[in-house]
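Engineer: Following our numbering, the numbering of the sequence shown begins with -18 at its first residue and continues without gaps.
Where a beta carbon is used, it is the ideal one built from N, C-alpha and C, also for glycine.
Below is the structure I would like to discuss, written out as structure tokens.
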Amino acid sequence: MKRLAILVSGRGSNFEAIAKNIRAGALDAEISLVVSNNPDAKALETAADMGIRSLSLPSKGMDSDVYAARVVEALAPLDISLVCLAGFMRRVGKPLLDAYPMRILNIHPSLLPAFPGLHVQQQALDYGAKFSGCTVHFVDAGMDTGPIVKQAVVPVLDSDTAETLAARILIEEHRIYTAAIRLVLAGRYRIEGRRVVET
Ligand code: GAR
-18 MKRLAILVSG RGSNFEAIAK NIRAGALDAE ISLVVSNNPD AKALETAADM GIRSLSLPSK
42 GMDSDVYAAR VVEALAPLDI SLVCLAGFMR RVGKPLLDAY PMRILNIHPS LLPAFPGLHV
102 QQQALDYGAK FSGCTVHFVD AGMDTGPIVK QAVVPVLDSD TAETLAARIL IEEHRIYTAA
162 IRLVLAGRYR IEGRRVVET
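Below you can see the structure in the form of structure tokens.
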């Protein structure tokens, strides 16, 4: 059985969707640990409700590399195949990148490379984009820059607010994150430059 670690900071709906898909038999994996850098994250309650092991590891005031080393320490005994960032709002420090090369995924609520960073649904609206969406990508040392595994597109409506657009994108996030994890765990891809080619 392939083991996942999920890193969260808040609501945890992507984590919950992955956990439910595993329960439903749509993803052959187990979640060994949920790590939250925010002790108040709702995701920690969800993990407890679902009987999934979790760890609150606050990052406040801590350097990214020091924090990453703590995460590596927590994951080391668990034989983790893939680390999934699911609404994890901190940069991933070098020790974690080095411990899991091309084995860390992130989900981002825009069609990268458009709108990296924060408040991205508002960015898409302000820019006047007619379509947005979400991206699952491998994590590298850059900000939202690693090779793209899956994307999904949603329309931006004239009547949208950042909240309504975010809600439309979130539905697709829940779908493509599981699909991307399935693909990566099965190893059915190769990387050519920046391109993730399904095999
Ligand atoms: C999701 O929309 C995710 O794509 C985004 O935060 C939200 C977390 O929701 N992540 C980022 O913006 C990462 N830069 P969730 O906690 O309910 O999964």
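Are the beta-carbon atoms of ARG169 and GLU179 separated by less than 8 Å?
Structural biologist: yes
Engineer: What are the start and end residues of the beta strand (DSSP E) that includes PHE119?
Structural biologist: 112 to 119
Engineer: What's the call for PRO90, buried or exposed, on a 16-neighbour Cβ count within 10 Å?
Structural biologist: buried
Engineer: Candidates VAL(-11), LEU78 and PHE(-4): which alpha carbon is nearest LEU38's?
Structural biologist: Taking only the C-alpha atoms, the option nearest LEU38 is VAL(-11).
Engineer: Where does VAL137 fall in DSSP's three states?
Structural biologist: Residue state, collapsed to three classes: coil.
Engineer: Nearer than 7 Å: is that true of the beta carbon of PHE119 relative to any heavy atom of the ligand GAR?
Structural biologist: no
Engineer: Within its chain, find whatever has a CB closer than 6 Å to the CB of ARG149; leave out the 5 residues flanking it on each side and keep chain order.
Structural biologist: VAL135
Engineer: Out of ILE33, PRO76, LEU59 and LEU56, state which residue places its alpha-carbon closest to the alpha-carbon of SER45.
Structural biologist: Put simply, of ILE33, PRO76, LEU59 and LEU56 the residue whose alpha carbon is nearest the alpha carbon of SER45 is PRO76.
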